[in-house]
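Peer 1:
Numbering (our numbering), first residue to last: 1 to 110.
#1: Under 8 Å between the Cβ atoms of residue 59 and residue 96?
#2: What's the call for residue 65, buried or exposed, on a 16-neighbour Cβ count within 10 Å?
#3: Based on Cα-Cα distance, which residue from 77, 47, 78 and 85 lies nearest to residue 71?
#4: Using 8 Å as the threshold, is the C-beta distance between residue 62 and residue 42 below it?
#5: Since residue 2 is in the alpha helix (DSSP H), which residue starts that stretch and which ends it?
#6: Out of 82, 55, 98 and 56, point me to the one whose CA is closest to residue 67's CA.
#7: Could you check whether residue 38 and residue 69 sit closer than 8 Å to each other, using their CB atoms as the reference points?
#8: How would you call residue 89, buried or exposed, if buried means at least 16 neighbouring beta carbons within 10 angstroms?
#9: Is it the case that the Cβ atoms of residue 57 and residue 49 are separated by a distance below 8 Å?
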């Protein structure tokens, strides 16, 4: 009988097994799907509202959608909902502000 000390340690102490190994294709497809859904929400706002109010409504609705999707992800993953939603919304707002700032610096509307 042959003993696999490393395999036994991985299984018993670390909880690593064939069932719990990473699935990169599944992770990539899940990421692609969630990014597509997240990107489609502001696009719906663009389709439904007049062009004159798009800058503020797309920005505001994007932050709202970030908060909602951050809450959903936190609830799904068992994390604190308010902390996760705040974090996602804050970083999204910062990214929007930096993008607008760089655009203004170069005289380009982004």
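C-beta: ideal position from N, C-alpha, C; glycine also.
Peer 2: To lay it out plainly:
#1: Numbered from its first residue, the chain shown carries residue 59 at position 59. Numbered from its first residue, the chain shown carries residue 96 at position 96. A contact, by the Cβ cut-off of 8 Å.
#2: Working through the chain shown from its first residue, we reach residue 65 at position 65. So residue 65 counts as buried.
#3: Translated into the one-based positions of the chain shown, residue 71 becomes position 71. Nearest of 77, 47, 78 and 85 to residue 71, Cα basis: 85.
#4: Working through the chain shown from its first residue, we reach residue 62 at position 62. Working through the chain shown from its first residue, we reach residue 42 at position 42. Yes, the pair counts as a contact, with Cβ atoms nearer than the cut-off.
#5: The sequence position of residue 2 within the chain shown is 2, counting from 1. Membership of residue 2 in any alpha helix (DSSP H) is not indicated, and neither H nor E is assigned to it by DSSP.
#6: On the chain shown, residue 67 is found 67 positions in, with the first residue counted as 1. Answer by Cα proximity: 82.
#7: For the purposes of this step, residue 69 is taken as the residue at position 69 of the chain shown. For the purposes of this step, residue 38 is taken as the residue at position 38 of the chain shown. A contact, by the Cβ cut-off of 8 Å.
#8: By 1-based counting over the chain shown, the position of residue 89 is 89. Classification for residue 89: buried.
#9: As a position in the chain shown, residue 57 is number 57, starting the count at 1. As a position in the chain shown, residue 49 is number 49, starting the count at 1. Yes, the Cβ-Cβ distance between residue 57 and residue 49 is below 8 Å.
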